[in-house]
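S.K.: According to the working numbering, the sequence shown is numbered sequentially starting from 55.
Backbone N, C-alpha and C fix where the C-beta goes; we use that ideal spot for every residue, glycine too.
Being a predicted model, the structure only gives us computed values, none of them experimental.
If you scroll down you'll find the structure; I have some questions about it.
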Amino acid sequence: MPKKEIARIMSGFQEFREKYYTTNDSLYRKFATGWQGPKSLIIGCCDSRVDPAIIASAGPGDLFVVRNVANLVPPYERDSGHHGVSAAIEYAVLNLKVEHVIVLGHRQCGGIRALVFPEETAPNGFVQQWVKMAEPAKLRALNAQGSGDRDQLCRRCELESIKISIENLRTFPFVADAVKAGRLSLLGLYFDIEKGELLELNEPSGEFSIMKPDSSRTNADWDERYSQSGFFFGTEPNDFLVENAGLFKKNMRVLCLADGEGRNSVFIAKQGCQVTAVDFSSVAIEKMKAFAKKNGVQVEGICADLNDFDLGTKKWDAVVSIWCHLPSVIRKKLHQRVVQSLKPSGIYLLESYTPNQIGKATGGPKDPDMLLDEAKVKEELAPLKTVKLIETEREVHEGARHNGLSSVIQLVAQKLI
Ligand SMILES: [Zn+2]
């Protein structure tokens, strides 16, 4: 007769069989052939409260998971040691070819507490030996937090240790190669048990903020971004736009898509064009109007969602799209409307991040669906004649979020009829 706890596990297995095995047997038939195809490796803590599959509402086969005390990633070491975590990383990246490696830390982590207060665990025991690898996180936390508030010191150390693990991940040559090639992104997450929130590590600032997928950012989120003092993407116009300033002649009618606080619209208006700028955020539109006034030009600002904004027909001499990253389902429809809205000989100028940008901490969304490459541009804008189409790496310095060597695609295309 099994004990109560074992009986509970057995009845849980019956439930699992009913939920997944009998109603979704084709999935398990596939698994039985040896196949698995998870997109993400999650490195989580052993802690019973933070099961990655439960937190992510993941199903069988969705996640490749390695759990250890304090969700730590050791640095790359080639010796004869028993490197369980490193083996899992290697298998996930090289064999399963996962697209994301996620370090999932959490609030109230006993492992991190053992690092901060070693006197609470067995002297020279396995726990102490293991968590010692995150010692730099403890030092950073002590520097930032001081030792006064023990609880807050632990919290800070929990966050800092995620950064150390991300840094250690980059020491694995095959991880660094995959990141460089744009095949792999690294992500630090923190589950705050107390608040029920998932925080995301933002690089390069090193700050954590409540995670929201880019595709679900609302205009309230953008309003919040633009409500901060200063200009989110700076006040200087985009480099590619400046390089092509000669395209913008006096009195041309130009539509600027998702131009935020108006740095590009104002630049184009300064070339003598009649500029209309459309953005999701009413806060951005107000800032843009003030910025135009300060620069002695006029820009018509429209607060609208590009998903259903009417661009008109044969209305614009040029349409400009700079870092306007949208889910493909919205972008494809928008591109059809861009083509329709251009006058004959009208110009479409675009710069976007490419999927190779994933893994770089220099800006842009992490979802490849929102990024453009040559094939997508050609397909979505087939009716236009390509004048210039360049996929390249360049230094982008446009506000704090766009900062450093970036993988971009640049397009100038023209409507023929
Ligand atoms: Zn933990």
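Closest by CA to residue 125, which one among 104, 112, 114, 201?
M.R.: Per the Cα distances, 104.
S.K.: State the beta-bridge partners of residue 122 as determined by DSSP.
M.R.: Looking at the DSSP assignment, residue 122 forms a beta bridge with 99.
S.K.: Name the two residues that bound the continuous alpha helix (DSSP H) containing residue 398.
M.R.: First-last for residue 398: 396 to 407, but that is the beta strand (DSSP E), not the alpha helix (DSSP H).
S.K.: When you compare each of 344, 367, 385 to residue 361 by their alpha carbons, which one comes out closest?
M.R.: Here the closest residue by C-alpha is 385.
S.K.: When you get a sec, list the residues whose CB is within less than 7 Å of any heavy atom of ligand 1, chain order please.
M.R.: Those residues are 99, 100, 101, 104, 123, 124, 125, 160, 163, 164, 165, 166, given in chain order.
S.K.: With distances taken from CA atoms, which of 94, 74, 467, 451 is nearest residue 461?
M.R.: Here the closest residue by C-alpha is 451.
S.K.: What residue ranges within the segment 317 to 403 form continuous alpha helix (DSSP H) runs of no fewer than 4 residues, ordered along the chain?
M.R.: If we require 4 residues or more, the alpha helix (DSSP H) runs fully inside the segment 317 to 403 come out as 317 to 324, 336 to 348, 382 to 395.
S.K.: Does the Cβ of residue 75 have 16 or more other Cβ atoms within 10 Å, making it buried, or fewer, making it exposed?
M.R.: Counting Cβ neighbours within 10 Å, residue 75 comes out exposed, since fewer than 16 surround it.
S.K.: What's the C-alpha gap between residue 238 and residue 411?
M.R.: Distance between the alpha carbons of residue 238 and residue 411: 10 Å.
S.K.: Could you round the C-beta distance between residue 342 and residue 331 to whole angstroms and report it? I think they count as a contact, below 8 Å.
M.R.: Yes, they are in contact, since the Cβ atoms of residue 342 and residue 331 sit about 6 Å apart, within 8 Å.
S.K.: Would you call the segment 397 to 413 and the segment 345 to 353 in contact, with 3 or more CB pairs under 8 Å?
M.R.: No, the segment 397 to 413 is not in contact with the segment 345 to 353.
S.K.: CA-CA distance, residue 396 and residue 264?
M.R.: Computed Cα separation, rounded: 39 Å.
S.K.: By the DSSP assignment, the alpha helix (DSSP H) with residue 210 in it spans what residues?
M.R.: Element bounds for residue 210: 204 to 223.
S.K.: For residue 244, which residues does DSSP report across the bridge?
M.R.: In DSSP, residue 244 forms a bridge with 159, 253.
S.K.: Please name the residue, chosen from 435, 316, 320, that lies closest to residue 334 on a Cα-to-Cα basis.
M.R.: Checking every option, the nearest Cα to that of residue 334 belongs to 316.
S.K.: What is the rounded straight-line gap between the Cα of residue 114 and the Cα of residue 145?
M.R.: Going from the Cα of residue 114 to the Cα of residue 145 covers about 18 Å.
S.K.: Which residue's Cα is closest to the Cα of residue 421: 392, 382, 364?
M.R.: Answer by Cα proximity: 382.
S.K.: Below 6 Å CB to CB, which residues in the same chain sit around residue 185 once its five sequence neighbours on both sides are set aside?
M.R.: Within the same chain, residue 185 has close Cβ partners 124, 165, 168, 169.
S.K.: Going by beta carbon distance, what residues of the same chain come within less than 7 Å of residue 302, once the five residues before and after it are set aside?
M.R.: Cβ within range, chain order: 308, 322, 325, 327, 372.
S.K.: Following the continuous beta strand (DSSP E) through residue 234, name the residue where it begins and the one where it ends.
M.R.: Here residue 234 belongs to no beta strand (DSSP E); instead the alpha helix (DSSP H) covers 227 to 234.
S.K.: Going by alpha carbons, who is nearest to residue 363 out of 387, 351, 374, 350?
M.R.: If we check each option's Cα against that of residue 363, 387 comes out closest.
S.K.: How far does the alpha helix (DSSP H) with residue 140 in it extend, from its first residue to its last?
M.R.: Counting along the chain, the alpha helix (DSSP H) containing residue 140 begins and ends at 138 to 144.
S.K.: Using alpha carbons as the reference points, say which of 438, 390, 375 lies closest to residue 464.
M.R.: The candidate whose alpha carbon is nearest that of residue 464 is 375.
S.K.: State the Cα-Cα distance for the pair residue 226 and residue 219, rounded to the nearest angstrom.
M.R.: Their Cα atoms are separated by approximately 11 Å.
S.K.: Going by other Cβ atoms of all chains shown within 10 Å of its Cβ, with 16 needed for buried, is residue 195 buried or exposed?
M.R.: Answer is buried; the Cβ neighbour count reaches 16.
S.K.: For residue 217, which of 244, 436, 228 has the nearest alpha-carbon?
M.R.: The option with the nearest alpha carbon to residue 217 is 244.
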